[in-house]
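Heads up, the thing below is written out as structure tokens.
Chains as they are written, first to last, in our numbering: chain Z, 2 to 324; chain D, 81 to 462; chain V, 6 to 354.
Pasting the structure below:
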């Protein structure tokens, strides 16, 4: 792709339109900049609304929550375990999904025969569209029975490690939840990474191979460095979905409100988004405010995670065609 | 900028809707702003339909998801009889239903709990005086279990045993307390996994009310819509609970009786006998229950006798109320809500919901129907 | 992309023959099956995992012995990539299989052309016509807002923006991807509650909620694609005197069109199955509603959720509706592919 140039007639037309080009430049830049600013405005609107609705709960003390059935103590005591569960599930999901996604993307872009690769890419794209409700049902009906023997084995053989202690059947625990999330975000991450891998300059790859590299060495030298920013970007997309996923967790997990690492026990953890969906229908007044406050906190966490990711990326100069 | 365009367009439709409403209703009485704007959106749904015809137009309801299956039966029956009418029901949950009813989003609501004092005051303000609460959906709550060999029989469990199981104190199916109540059944050596609803629900509230009233010594938690025991297996909504119960052997849970399916169900100890759930047994307990303390001619709330010793009564029952206003701003809403709820309360409506494949609910008694109809008579426009 | 051994006479590479990996695979499968059966632990899952490990060890060992470390690493990498692929694809295929398998039972022309008016209890009739219309409206509104907004923002970020404002917007876009879907729903719900009062329900509100979710996805993928357009192309265009905006439209966007279309498809697919925000904003209704600007409207994901929650014969409808959603996305994808084929420059890959 790097070697192809646009057809000639375009450039000729371009020179013909030099005078209106100036005006076009101004308008085009104006539209683009306005769009950029719109993002800021939209996000500000969401943030202001969240803050506006969450404020009564953020400043409320424990007594004001006395009537709210799902809150004991103050807001922070209530949110902390949920936040913990959210991050735990997302981390499990990302740890499982990233290697898988990179593997699939590499397989499609550099290993599979071209026809098969196109078909596979198509299937993966389709999967991104399956409603999370269906992922939840699938996770509960198909994945859960499959992992249960594994969990039981882990618990009985490695149960002395607190991580795997006291598995309870059925496996409606945070690990199952994380695995379902992982499968959910794999299509999204893969789709992005695959496109980036496919854009690796052909010359880089051929140069590497010409120097006698094996395929894996070529990938390490040319493909992965080129796709690094895209990989991190894709991971952020996946993380965003994993953090905010609602319905699948709601269906797969037996929720609980503890902070611990008993990954195989049911009724220990819950995520903020699933918790909002769980309690929103029957809530009113300060309870709704509290739920929205938890959404705001999730928002803040995502903000922090993204800052961190940006910082990591920016430590080395960006590697892309447009610099 | 696209956002702004969208908003403006919606604004135009809303304004034209306002004009339509004003034209249709003639002089609009001095309703407050909330109800007025509430009126605007929903009246517009009628489009250009003839508003003068009887029982045509649109009303919206929302609320308890427990009523969903029954409501679908009722909507089908009502709209069959009145092809010009469109009635919708959004199963958003009782809390949202009450809130939407109070702020005018919907014209009627379903709720698993009666309005509390504060809500009642707000609802009276929205309704211009009278609020109607009618117990039109009475459904037994079944205690179901999954033990493949015993799913055809009803295991007998007394209130204290049920409470002990759900409190986590009785943990095996061959526990002496269970064996004693079931001399004819061979109970397996199987761990009991109690399963509860993870969301806030009328089913949980009614079940915990029962446990607290019938087994106060074993069940020390307050009645609540949210399950009070932590670290349990649970599922969201009835489907979620059923999913968990079907997924593992030895599980036990409480669900709406219409959803029992292939699972086994418990015969609950009442007095000296054990009563399996049935619509008749559920209706029985409602009949022996007194009216609630704050009940009036239009607020027909019931104080369920959970600890009844009445023979043949099944005490674990969910009563879900239909909420309506005594006064609506538009004739259309008044006549439609009145017509629809009258149909629901009618023998035909109640029997339709009682069919096992619809909702398996318990029909209300004739005495209750008379009182409900008297209350519904008061609905008027103005 | 096979690599032929360079014809250097002084050094000879000792390579495994082409059939060697297959031989090792068959041997690994046989050994694993034997051992697992002997240990009484034979299941499909354990067979898959254990044989994969056995194969990885065997092929690496063989290759190290014959070909040396570098080629052994390459073979191990190939094995791991293929394994990762299979590991992820198997559940995904099973998911498709379940949706299709359970969905076809109720699926058919009647299912696609009827709504749910008058359907209750154990009736097996009823369909998704009203939900398809709702999903098209809601997703369409979201797309109309977020595609132009997203593409122009991405253009700004890649072609115009610089300094702290660019970094700020990039960060905000990242943050926007992290908005939990249900919160986006609550945002749209309250915005319209404030403007039009509580009774206003419309596909428009759901569309706004989904647009909030969809925009960052569009920006992210378009941005990545624009970044990958080589600077040489831009410079060549400028050198020919083409104004910047035309360069962007005719050169940059056209070079990246395949990636952009794919990105938009992914973004659409991502939001078309959203359930939670639609539950809050557009509600549910049994009947057809042709007006996207007023009245409750049914959407496919909400339909799936509600039907599943009802249980019984309704659960079959839930799966059939999921299949419908899948087919709609397939159609969208097909259109997207045609678009990118038609517009993208020839050559390359």
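Note that the Cβ used here is the ideal one computed from N, Cα and C, for glycine as well.
For residue i, the nearest candidate out of the options (CA to CA)
i: residue 20 of chain V; options: V:30, V:38, V:80; result: V:80
i: residue 319 of chain D; options: V:146, V:332, V:323; result: V:323
i: residue 471 of chain D; options: D:163, D:236, D:189, D:366; result: Absent from the model: residue 471 of chain D. The displayed extent of chain D is 81 to 462, so no value can be given.
i: residue 352 of chain Z; options: Z:299, Z:132, Z:173; result: Lying outside 2 to 324, the shown extent of chain Z, residue 352 of chain Z is not represented and no answer is given.
i: residue 342 of chain D; options: D:164, D:165, D:307, D:225; result: D:225
i: residue 286 of chain D; options: D:389, D:272, D:273, D:302; result: D:302
i: residue 109 of chain Z; options: Z:195, Z:30, Z:210; result: Z:195
i: residue 295 of chain Z; options: Z:74, Z:254, Z:83, Z:246; result: Z:83
i: residue 89 of chain V; options: V:61, V:72, V:120, V:242; result: V:61
i: residue 284 of chain D; options: D:321, D:252, D:264; result: D:321
Beta-carbon proximity check, residue i vs residue j, cutoff 8 Å
i: residue 368 of chain D; j: residue 393 of chain D; result: yes
i: residue 315 of chain D; j: residue 275 of chain D; result: yes
i: residue 213 of chain D; j: residue 398 of chain D; result: no
i: residue 121 of chain Z; j: residue 129 of chain Z; result: no
i: residue 295 of chain D; j: residue 242 of chain D; result: yes
i: residue 264 of chain Z; j: residue 176 of chain Z; result: yes
i: residue 225 of chain V; j: residue 182 of chain V; result: yes
i: residue 191 of chain V; j: residue 174 of chain V; result: no
i: residue 217 of chain D; j: residue 400 of chain D; result: yes
i: residue 438 of chain D; j: residue 346 of chain D; result: no
i: residue 64 of chain V; j: residue 42 of chain V; result: no
i: residue 291 of chain Z; j: residue 63 of chain Z; result: no
i: residue 100 of chain V; j: residue 139 of chain Z; result: yes
i: residue 241 of chain Z; j: residue 255 of chain Z; result: no
i: residue 171 of chain Z; j: residue 161 of chain D; result: no
i: residue 251 of chain Z; j: residue 275 of chain Z; result: yes
i: residue 365 of chain D; j: residue 326 of chain D; result: no
i: residue 238 of chain Z; j: residue 190 of chain Z; result: yes
i: residue 315 of chain V; j: residue 148 of chain D; result: yes
i: residue 134 of chain V; j: residue 144 of chain V; result: no
i: residue 107 of chain Z; j: residue 86 of chain V; result: yes
Nearest-angstrom Cβ-Cβ length linking residue i and residue j, presumed shorter than 8 Å
i: residue 110 of chain V; j: residue 325 of chain V; result: 7 Å
i: residue 268 of chain D; j: residue 227 of chain D; result: 6 Å
i: residue 230 of chain Z; j: residue 222 of chain Z; result: Not quite, the Cβ-Cβ distance comes to about 17 Å (not below 8 Å), so this is no contact.
i: residue 132 of chain Z; j: residue 306 of chain V; result: 4 Å
i: residue 290 of chain D; j: residue 395 of chain D; result: 6 Å
i: residue 247 of chain D; j: residue 359 of chain D; result: In fact, because the Cβ distance is near 29 Å, the residues do not count as touching under 8 Å.
i: residue 304 of chain V; j: residue 212 of chain V; result: Not really, about 10 Å apart at Cβ, beyond 8 Å.
CB contact below 8 Å: residue i versus chain A
i: residue 280 of chain V; result: Judged by its chain identifiers, the structure shown contains no chain A, and its protein chains are Z, D and V.
Neighbour list for residue i in chain Z, Cβ cutoff strictly below 9 Å
i: residue 188 of chain V; result: 47, 51, 245, 274, 277, 293, 296, 297, 299, 300
i: residue 338 of chain V; result: 123, 126, 127, 130
Under 8 Å by beta carbon: chain D residues contacting residue i
i: residue 289 of chain V; result: 170, 171
i: residue 214 of chain V; result: Correct list: empty, because the minimum Cβ distance to chain D is about 12 Å.
i: residue 285 of chain Z; result: 175, 176, 178, 179
Beta-carbon neighbours of residue i, restricted to chain Z and to distances below 7 Å
i: residue 328 of chain D; result: 170, 171
i: residue 161 of chain V; result: 33, 34, 36, 37
8 Å Cβ cut-off: residues of chain Z touching residue i
i: residue 324 of chain D; result: 171, 173, 255
i: residue 99 of chain V; result: 139, 143
Neighbour list for residue i in chain V, Cβ cutoff strictly below 7 Å
i: residue 107 of chain Z; result: 86
Closer than 9 Å at the beta carbon, the chain V residues around residue i
i: residue 156 of chain D; result: 122, 123, 124, 125, 126, 128, 291
Chain-ordered chain V contacts of residue i [CB-CB under 8 Å]
i: residue 116 of chain Z; result: Those do not exist, as residue 116 of chain Z stays about 13 Å from chain V at its closest Cβ, beyond 8 Å.
i: residue 308 of chain Z; result: 176
Within chain D, the residues that residue i reaches when beta carbons sit closer than 9 Å
i: residue 110 of chain Z; result: Per Cβ cutoff of 9 Å: no residues; residue 110 of chain Z is ~35 Å from chain D at best.
(request) Output, in sequence order along the chain, the residues in the stretch 119-132 of chain V whose CB is closer than 7 Å to any CB in chain Z. (result) Cβ contacts with chain Z come from no residue of the stretch 119-132 of chain V.
(request) Compile a chain-ordered list of the residues in the stretch 291-321 of chain V whose CB is closer than 8 Å to at least one CB of chain Z. (result) With the criterion set as a beta carbon lying under 8 Å from some beta carbon of chain Z, the members of the stretch 291-321 of chain V are 305, 306, 309, 310, 313, in sequence order.
(request) Identify each residue in the stretch 291-322 of chain D for which the Cβ-Cβ distance to at least one residue of chain Z is less than 8 Å, and report them in chain order. (result) Sequence-ordered contacts of the stretch 291-322 of chain D with chain Z read 304, 305, 306, 310, 311, 312, 313, 314, 315, 316, 320 [C-beta pairs closer than 8 Å].
(message) Closer than 9 Å between beta carbons: that is the criterion. Which residues of the stretch 256-269 of chain Z meet it against chain D?
(response) Flagged, chain order: 256, 257, 258, 259, 266, 267, 268, 269.
(message) Tell me which residues of the stretch 220-237 of chain V have at least one Cβ-Cβ distance to chain Z shorter than 9 Å, keeping chain order.
(response) Correct list: 220, 221, 222, 224, 225, 226, 228, 229, 230, 231, 232, 233, 234, 235, 236, 237.
(message) Closer than 8 Å between beta carbons: that is the criterion. Which residues of the stretch 192-204 of chain Z meet it against chain V?
(response) Answer set for the stretch 192-204 of chain Z: 192, 193, 196, 197, 199, 200, 202, 203.
(request) Could you name the residues of the stretch 224-252 of chain Z whose beta carbon sits closer than 7 Å to any beta carbon of chain V, in the order they occur along the chain? (result) Within the stretch 224-252 of chain Z, the residues whose Cβ lies closer than 7 Å to some Cβ of chain V are 231, 234, 237, 238, 241, 244, 245, 247, 248, listed in chain order.
(request) Scan the stretch 329-343 of chain D for residues whose Cβ lies nearer than 7 Å to a Cβ of chain V and list them as they occur along the chain. (result) Correct list: 339.
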